[in-house]
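Here is the structure we will look at.
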Amino acid sequence: MRLLGNIIWFVFGGIFLGISWWVLGVLMYILIITIPFGKASFVIGNFCFFPFGKELMSRKELSGKDDIGTGALGLIGNIIWIIIAGIWLCIGHVISGLICCITIIGIPFGIQHFKIAGACFAPIGKTVVTKEVAAAALKANAESKIDNLRK
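What follows is the structure, encoded as structure tokens:
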């Protein structure tokens with residue numbers, strides 16, 4: 544089902560979404576100071592090509608360690624991103640998701656727009672993984688927290 548959903552998504556708009564994010568990423572790399580935004584744009588672009596079966600999650604949740612994008616600098620970067628572009632991109636994907644959800648057939652595509660809207664809102668410090676990897680990481684983090692509480 545994921546394969547069919549990804550093929551339909553890619554043909555009917557995913558290719559244009561992904562390429563537009565990549566173009567934005569190249570522009571961000573050219574401006575040099577906005578390289579963290581460029582990296583996030585490439586992550587979201589890849590997510591836009593084939594979103595079915597994938598989840599967006601914090602790199603800290605995935606690895607269990609902080610990095611430059613998951614700490615204070617990542618928070619500042621996300622705030623700047625939200626003000627400049629994130630809110631508008633998020634609103635666009637929410638509207639697209641609502642339009643897709645008008646029909647029963649469009650509901651899975653609307654859900655994907657809502658996932659991408661979340662990615663658009665605060666992309667710095669995030670990565671895209673399969674649903675299975677996300678579930679395993681969350682389970683491992685929960686077990687680690689339980690072990691720490693028992694000590």
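Add 543 to the 1-based position in the sequence shown for our numbering, that's all there is to it.
For each residue, glycine too, the CB sits at the ideal point set by N, CA and C.
Rounded to the nearest whole angstrom, the C-alpha separation of Phe559 and Phe553 is 8 angstroms. Around Gly620, the same chain offers Pro579 and Ile667 as residues with beta carbons nearer than 6 angstroms, after the five sequence neighbours per side are excluded.
Assignment of Leu599 by DSSP, reduced to helix, strand and coil, places it in the strand class. Closest in alpha carbon position to Ala665, among Ser606, Ile689 and Leu599, is Leu599. Cβ contact annotation for Leu567 (same chain, cutoff 6 angstroms, sequence separation greater than five): Ser584, in chain order. Collapsing the DSSP output to three states places Lys608 in coil. In this structure the region 653 to 663 lies against the region 625 to 636, because at least three pairs of beta carbons, one per stretch, are closer than 8 angstroms. DSSP places Lys669 inside the beta strand (DSSP E), whose first and last residues are Lys669 to Thr673. The C-alpha of Gly561 lies about 14 angstroms from the C-alpha of Phe595. Of Ile645, Val676 and Ile551, the smallest CA-CA separation from Phe592 is found for Ile551. Its chain contains His656 as the residues whose beta carbon lies nearer than 6 angstroms to that of Ser639, once the 5 sequence neighbours on both sides are disregarded; these appear in chain order. The distance from the Cβ of Arg602 to that of Thr670 is about 5 angstroms, consistent with a contact at the 8 angstroms cut-off.
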